[in-house]
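The structure under discussion appears below in the form of structure tokens.
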Amino acid sequence: MYPDPKRVRTRYASLNLDQYESQLIDALVDYTGIDRAVLLRQLVIKEALETLGVADLDFRNVPQRAS
1 MYPDPKRVRT RYASLNLDQY ESQLIDALVD YTGIDRAVLL RQLVIKEALE TLGVADLDFR
61 NVPQRAS
């Protein structure tokens, strides 16, 4: 059914933010027009890649829209 079943997003992660953090994310969502969940996922993946030192590699399966 799917080309790569491992790419189907079925894992759930919860994130607790305070009011200021939530307002910052909401402002970024309003500015970019990207859905909140998509934006947060992109930011988390981008930070993880940078932390691992592999952010400069070509990851075709990871969206690169978040800055």
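Anchor point for the sequence shown: position 58 equals 58 in full-length UniProt numbering, and the numbering is continuous, going up by one each time.
We treat Cβ as the ideally placed atom computed from N, Cα and C, and that holds for glycine.
Treat the numbers as computed from the prediction; the structure is a model and nothing was measured.
- Message: So, with DSSP's three-state summary, where would you put L28?
- Response: Locating residue 28 in the sequence shown gives position 28, counting from the first residue. Shown here, L28 sits in a helix according to DSSP, grouped into three states.
- Where R11 falls: helix, strand or coil (DSSP): As a position in the sequence shown, residue 11 is number 11, starting the count at 1. DSSP places R11 in coil when its eight states are reduced to three.
- Query: If T32 sits next to L39, beta carbons under 8 Å apart, how far is it from one beta carbon to the other, in whole angstroms?
  - Reply: In the sequence shown, residue 32 corresponds to position 32, counting from 1. In the sequence shown, residue 39 corresponds to position 39, counting from 1. Confirmed, about 7 Å.
- Task: Hey, could you find the ends of the alpha helix (DSSP H) V44 is sitting in?
- Result: What you label residue 44 is simply residue 44 of the sequence shown in a count that begins at 1. Unbroken alpha helix (DSSP H) run through V44: 36 to 52.
- Do you know how far the Cα of M1 is from the Cα of V29? The residue given as residue 29 occupies position 29 in the sequence shown. The residue given as residue 1 occupies position 1 in the sequence shown. Answer to the nearest angstrom: the Cα atoms are 32 Å apart.
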